[in-house]
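Asks: This structure is in structure tokens; I'll ask about it shortly.
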Amino acid sequence: MEFTRRRLLSTLPAAGLLAVLPARTGFAAGSAAAADPALLLANTRAVFAGTAETNARPEAAAKVAALHATARANLAAMADTGTATTELFTGVPLGTSDVNLATSYRMLYEIALATRAPGGGLHGDTAAQRRAVDGLVWLHERYYGDQARGYYGNWHNWEIAISTHVGKTFALLADVPGAVPAGLLTTYVASMDAYLRNGKEGDVDLDSRFHTGANLADITTNRILQGALLSAAQEPGGEARIAKALEDQLTVFATIDPYDIRHGNTDGYYADGSFIQHHSVAYTGSYGKGLLTRVVQTLKILDGTGFANTGALVPVVQRWVRDGFAPLIFEGWMMEIVKGRAVVRTTSGYTDVAAVVEAVVDLADYATGAEAAALKSYVKHIRATSRAALDPAGFVSPVSVVRYADIVGDDAVPPADLNPAARSVAYNAMDKHVHRRPGFAFALARSSDRISKYEYMSGENLMPWFQGDGAYYLYLSGQDQTRAYGVDYYTVVSPYGLAGATAPVERRGTVPELYDGKLWYDNPGHPLNFTSSSESQNTYVYFPRGTNRHSGGAVLGAYGTSAMVQSDDVAYAERERLPDDFVVYRNATATKSWFMLDDEIVVLAAGVGDPAGRTVTTTVDARTADPSADVAVTGARGDGRAWEGPGTAQLSWLRYADAAEGTAVGYVFLDAPRVRVGLEDVTRSRRVVRTGNPDTAVTRTVFSATVDHEPRHGLARLAYALVPHASAAQLDAYRRGGPLTVTANSPRLQAVRHSGLRLTAANAFTPGRHDTEELSIDGPASVLVRTGDDGRVEMAVADPTMDRDTVTVVLRGRPLRKAAGDDGVRVSRVAGGTKLVVDTHHAYGRSLTVSLEK
61 MEFTRRRLLS TLPAAGLLAV LPARTGFAAG SAAAADPALL LANTRAVFAG TAETNARPEA
121 AAKVAALHAT ARANLAAMAD TGTATTELFT GVPLGTSDVN LATSYRMLYE IALATRAPGG
181 GLHGDTAAQR RAVDGLVWLH ERYYGDQARG YYGNWHNWEI AISTHVGKTF ALLADVPGAV
241 PAGLLTTYVA SMDAYLRNGK EGDVDLDSRF HTGANLADIT TNRILQGALL SAAQEPGGEA
301 RIAKALEDQL TVFATIDPYD IRHGNTDGYY ADGSFIQHHS VAYTGSYGKG LLTRVVQTLK
361 ILDGTGFANT GALVPVVQRW VRDGFAPLIF EGWMMEIVKG RAVVRTTSGY TDVAAVVEAV
421 VDLADYATGA EAAALKSYVK HIRATSRAAL DPAGFVSPVS VVRYADIVGD DAVPPADLNP
481 AARSVAYNAM DKHVHRRPGF AFALARSSDR ISKYEYMSGE NLMPWFQGDG AYYLYLSGQD
541 QTRAYGVDYY TVVSPYGLAG ATAPVERRGT VPELYDGKLW YDNPGHPLNF TSSSESQNTY
601 VYFPRGTNRH SGGAVLGAYG TSAMVQSDDV AYAERERLPD DFVVYRNATA TKSWFMLDDE
661 IVVLAAGVGD PAGRTVTTTV DARTADPSAD VAVTGARGDG RAWEGPGTAQ LSWLRYADAA
721 EGTAVGYVFL DAPRVRVGLE DVTRSRRVVR TGNPDTAVTR TVFSATVDHE PRHGLARLAY
781 ALVPHASAAQ LDAYRRGGPL TVTANSPRLQ AVRHSGLRLT AANAFTPGRH DTEELSIDGP
841 ASVLVRTGDD GRVEMAVADP TMDRDTVTVV LRGRPLRKAA GDDGVRVSRV AGGTKLVVDT
901 HHAYGRSLTV SLEK
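The opening position of the sequence shown corresponds to residue 61 in our numbering, with each subsequent residue numbered one higher.
See below:
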């Protein structure tokens, strides 16, 4: 099997990655001396079971003990394969449950793992190994080996999960004499090949919508192990399998170019740090985390084997960590905007970050110099700032546990964030924005015809409808984020009243409520073929996209602007082609901007309403607190008189303060009708948001600030600012003439000026000329302008539609010349100002910047 180097050159993000592959015409030909499959399997055992040296360390004791305790419990629950009928493990019935079949394979792997993990009583236990292998034989003979009867339920179990458990089980036992019966390995490899959907003779199909991103990394890692096992057993085709799997896996390291899509695949990392899975879901915090884990594990199992030069891949993964993950982790908490349906799992938030930390710990061992030092410092930073203690016993590898202990115990490693103290990151490829300052972080979720409004699937995230319609999350430093967000936020806060959401007043049904308790819409006889894993299910039920093109923003230094035109989802837009019993919902309308500064996040909304005549609400914020907390809601009316909530009033400003948490948020109403302020104790079960959650009742005090838009008043507009940690005196200063001025707020143009920062920010939405006092903008665009103390003017321009070849902006005032900036910005002097023609062709929302001077 030969590597196609021309193909790699076309798919990988940098020519340097070609150095990953051995420089020979064929991988299998003449490579046996250099490539060592036995070492690859030994590395795999070390990754998952640890070594005698690592497992003897006291820091690894809890991890090793947990491995052996799990295996003992599995052995106690395991039936004799000579008498077992429909259950190999008590309480895990098989029959037609693909989940339980995958679980049974996992339990066998856990038994084998303990027998190879030094430091526990099961280490080297041949009887336990024999029982694990007997279980493999039993499952294959009765369930897995019959491909005609198999493949029920979720494709992932058949193509990925079971293969993962089986491959690692064989890898653990491959060097144990007599442990694996002759022919069992090749029998299993043939079955694993047969289950690969659309594959050519069991190979990976890069054109399959299932074999992308994190899924592709899982499949190819499994096939690397299979190849090593075949080679070690002196079976044919092993090294060719490794070669092809490596070639395929290297495609996940490629930066996705939206203008040059390969194999129809849009899943993976983008130039701006975005990560997408399922073709349109922003998913860094779930599938992206899984991809990071898998590729770092691949670096570890390939280390020193001669199959690949993994050092060339390290800078790529470092970039994922720095630009893809670090902005999304706030004081040890993974932000909600990139978690898809996983936002409503009880193991979320702080727990998610443990997998990232383990990957960073291992990555630091492969990096060198300043990069390695920065990664180690980041590990210490997360440990120092997280409100939840990170438990390394939850790491996959005992080796990683020891590496983590070495970093934490090294006084020469100072804690340091990979983020600068002030950072604004426009993830326009996935319609998200993160804005960080000392003391807080702001995370915004948008959607478009490119990116899904939300993800629902398998009974998870049952009420997701407005999570991508401008919902946002304001994280405050020092706060336990499980008390502010996570599963309990979605449990007690109304799905129609998420912070930042504009929604029509109506009750929507969950998928199980709408379709007789089923977790999907089932209609295989319809021309659109609605089955549990069909394309139509994805498009209209699981993760529907919006129908708007305008969703983007610009970044200038540490300042940002973001914009979106709220839209119906694709199901409502295409309702005429859907079945009669398929339920669709119409959305409200709104044109929105978010301007992210130092002390404020300014939010403008215009054209707010509903063509169907329903009342519409915009939620300024929704926060939760312990019922026992001393929460105070105070404010001032427009005439300056003091006000205390809850209640409804025409307010100049409002302040929420939680004395127990030591947190406060201010709300300055720059242009708003009456504000309805709520403060109530809410009790609900966590099952209202996820069928798999335990029926645990949660009681939280819910604060909400909402503006009601009545249809009789026509289309409305709204302007307000969020001010984290604000005191009452600070908020009152805005009422008496603060630095913020709204200079435009319509469906055509939205703009603000901050006099203290000498900054103007604008979002134009429609074709034609748009004018403010300082700017004239031609067509849709996002623009930031700031004047420095030295008189130099900095500008950033972006195309929020992703469609424009150029954007033209005129900066009024004295003519200026270009001092520095992107090559794509052409500057000329015109009457009354300076003209900029910005080349946004194929920029995919990226900001182009320029410095201007006299």
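Beta carbons: idealized from backbone N, C-alpha and C, even for Gly.
Please read all numbers here as calculations on a predicted model, not as lab measurements.
Rounding to the nearest angstrom, what Cα-Cα distance links Y516 and G667 in this structure?
Replies: Taking the straight line from one Cα to the other gives about 29 Å.
Asks: For P860 and N214, what's the separation of their Cα atoms in angstroms?
Replies: Going from the Cα of P860 to the Cα of N214 covers about 37 Å.
Asks: Need the endpoints of the beta strand (DSSP E) that M862 sits in, please.
Replies: Taken as a continuous stretch (DSSP letters only), M862 belongs to no beta strand (DSSP E), as it is neither H nor E.
Asks: Can you tell me whether L908 is buried or exposed? The criterion is at least 16 other CB atoms within 10 Å of its CB, across all chains shown.
Replies: Classification for L908: buried.
Asks: Using the beta-carbon count (16 or more within 10 Å), is A92 buried or exposed?
Replies: Confidence is the limiting factor: at A92 the pLDDT is only 41, short of 50, which leaves the residue's position unreliable, though a coordinate-based value still follows. A92 is exposed by the Cβ-count criterion.
Asks: Would you tell me roughly how many angstroms separate the C-alpha atoms of V843 and F825, rounded to the nearest one?
Replies: The alpha-carbon atoms of V843 and F825 are separated by roughly 12 Å.
Asks: Less than 6 Å between C-beta atoms, sequence neighbours within five positions excluded: which residues of the same chain meet that for T803?
Replies: Answer for T803: A811, R813 and T832, listed in chain order.
Asks: Give me the Cα-Cα distance between S334 and A188, rounded to the nearest whole angstrom.
Replies: Using only the alpha carbons, I get a separation of about 45 Å.
Asks: Check the DSSP bridge columns for R813 and list the partner residues they point to.
Replies: T801 and T820, per the DSSP bridge assignment.
Asks: Going straight from the alpha carbon of G669 to that of S627, what length do you get?
Replies: Going by the C-alpha atoms only, they are around 12 Å apart.
Asks: Among residues of its own chain, excluding the 5 on either side of R506, which ones have a beta-carbon nearer than 6 Å to its beta-carbon?
Replies: Answer for R506: D491, S611 and M624, listed in chain order.
Asks: Would a C-beta distance cut-off of 8 Å place V910 and M855 closer than the cut-off?
Replies: Yes. Within cutoff.
Asks: Just checking my contact of F14 with S457 at CB under 8 Å: how many whole Å lie between their CB atoms?
Replies: Residue 14 is absent from the structure shown; the chain starts at 61 and stops at 914.
Asks: Using the rule of at least 16 other Cβ atoms within 10 Å of the residue's Cβ for burial, across every protein chain shown, is I467 buried or exposed?
Replies: By the neighbour-count rule (16 or more Cβ atoms within 10 Å), I467 is buried.
Asks: What would DSSP say about P784, mapped onto helix, strand or coil?
Replies: DSSP places P784 in strand when its eight states are reduced to three.
Asks: Could you say which of N488, D470 and R497 lies nearest to A482 if we only look at CA atoms?
Replies: Considering only alpha carbons, the answer is R497.
Asks: Residues in its own chain within less than 7 Å of G76 by CB, not counting five upstream and five downstream?
Replies: Any reading at G76 must be qualified, since the residue scores a pLDDT of 46, below 50, and its modelled position is unreliable; the value itself is stated next. The answer, listed in chain order, is A372.
Asks: From P733 to V767, what distance separates their C-alpha atoms?
Replies: Rounded to whole angstroms, P733 to V767 spans 7 Å at the Cα level.
Asks: So if DSSP puts Q337 in a beta bridge, which residue, or which two residues, is it bridged to?
Replies: For Q337, which the question treats as bridged, DSSP gives the partners V341.
Asks: Determine the direct distance from the alpha carbon of L199 to that of L135, and round the result to whole angstroms.
Replies: Approximately 16 Å, taken between the alpha carbons.
Asks: For D425, which of V377, R209, G409 and A274 has the nearest alpha-carbon?
Replies: With distances taken between Cα atoms, D425 lies closest to V377.
Asks: So, at 6 Å on beta carbons, what are the nonlocal neighbours of L912 in its own chain, with the 5 sequence-adjacent residues on each side left out?
Replies: Taken in chain order, the residues that qualify are V853 and L876.
Asks: For D412, count neighbouring C-beta atoms within 10 Å of its own C-beta (all shown protein chains included) and say buried if the count is 16 or more, exposed if not.
Replies: Under this definition D412 is a buried residue.
Asks: Kindly list the residues whose CB is nearer than 8 Å to the CB of R637, restricted to its own chain and excluding five residues on each side of it in sequence; keep chain order.
Replies: Within the same chain, R637 has close Cβ partners L588.
Asks: What residue from F655, Y602 and P564 has the CA that sits closest to L522's CA?
Replies: Minimum Cα distance to L522 is reached at Y602.
Asks: Could you compute how far the alpha carbon of R846 sits from the alpha carbon of S787?
Replies: So the alpha carbons of these two residues sit roughly 27 Å apart.
Asks: Just checking, does the segment 673 to 685 make contact with the segment 705 to 713 on the three C-beta pairs under 8 Å criterion?
Replies: No, the segment 673 to 685 does not touch the segment 705 to 713.
Asks: Would you mind stating whether F763 and V662 have Cβ atoms separated by less than 8 Å?
Replies: The answer is no: Cβ separation not under 8 Å.
Asks: Under three-state DSSP, which class holds E515?
Replies: Of the three classes helix, strand and coil, the one that applies to E515 here is coil, per DSSP.
Asks: If you drop the 5 nearest sequence neighbours on each side, which residues of the same chain put their C-beta closer than 6 Å to that of T85?
Replies: Low confidence applies to T85: its pLDDT is 35, below 50, so where it sits in the model is not reliable, and the reading given next is rough at best. The answer is none, since no qualifying residue turns up.
Asks: Exposed or buried, G179, counting other C-beta atoms within 10 Å across all chains shown (16 or more means buried)?
Replies: Under this definition G179 is a buried residue.
Asks: Mark T143 as exposed unless 16 or more other C-beta atoms lie within 10 angstroms of its C-beta, in which case mark it buried.
Replies: Exposed.
Asks: Taking the alpha-carbon positions, what's the R463 to R795 distance?
Replies: Roughly 54 Å separates the two Cα atoms.
Asks: Specify the secondary structure class of A481 as computed by DSSP and reduced to three states.
Replies: Residue state, collapsed to three classes: coil.
Asks: Kindly confirm or deny that the segment 343 to 363 and the segment 376 to 393 touch, where touching means at least three C-beta pairs closer than 8 Å.
Replies: These segments touch.
Asks: Mark I389 as exposed unless 16 or more other C-beta atoms lie within 10 angstroms of its C-beta, in which case mark it buried.
Replies: Buried, by the Cβ-count rule.
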